[in-house]
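Residues in the sequence shown are numbered from 1 upward in steps of one, following this note's numbering. From the three backbone atoms N, C-alpha and C, an ideal C-beta is built for every residue, glycine too. Note that this is a predicted model, so its numbers are computed, not measured.
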Amino acid sequence: MKYFLLFVGLFIFSCQPLPPEAKFIDQNKITGQIIVDEKLKGKCKGDLFIIVRKGISPQPLAVKKVKNPSYPYNFKISPADVILEDMFKEFKDEVILYVRTSQTGNPMESSNSCESEPIIVKTGSKNVLIKINKYVE
């Protein structure tokens, strides 16, 4: 009985609410699917980069790298994926979202890569469809 009461006491004190950051991440995550245009089916190989930008800034706010995905690919990107921790709270409202593939694993490499058109999405959006429709030789 003594051990049971000790267990219950520890359990009660160990149950704490989630930090506010966890709620912010969950509220602002973007989910959806990435597909490849039929005319590019065999060309879009290598790593996939899911990139989020805020406003007119040329620097990405968040980037997620996926090694050799198969398409269609179900994705999720959230404030937890920001590049700089200080920018965590910027992942809200409207953001610019696009994807790029790279055979070298370098997101800046543009030759022999596939890209989607950038789209504006509201954070927290679900079922976002991104179509890879451009090939850069």
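Just the Cα atoms here: how many angstroms apart are residue i and residue j?
| i | j | result |
| --- | --- | --- |
| Leu40 | Ser110 | 16 Å |
| Leu48 | Asp81 | 15 Å |
| Gly105 | Lys45 | 10 Å |
| Glu117 | Ile56 | 15 Å |
| Ile96 | Lys54 | 6 Å |
| Glu115 | Met108 | 12 Å |
Report yes if the CB atom of residue i is closer than 8 Å to the CB atom of residue j, and no otherwise.
| i | j | result |
| --- | --- | --- |
| Ile51 | Val36 | no |
| Ile130 | Gly32 | yes |
| Lys29 | Lys76 | yes |
Taking residue i and residue j to be in contact with their CB atoms under 8 Å, please state how far apart those CB atoms are, rounded to whole angstroms.
| i | j | result |
| --- | --- | --- |
| Phe34 | Pro72 | At residue 34 the sequence reads Ile, which differs from the Phe that was named. 7 Å between Cβ atoms; contact. |
In this structure, what does DSSP give as the bridge partners for residue i?
| i | result |
| --- | --- |
| Glu94 | Lys122 |
| Leu129 | Gln33 |
| Ser102 | Asp47 |
CB of residue i to nearest heavy atom of the ligand ATP: below 7 Å?
| i | result |
| --- | --- |
| Val52 | The ligand ATP is not part of the structure shown, which contains no ligands of any sort. |
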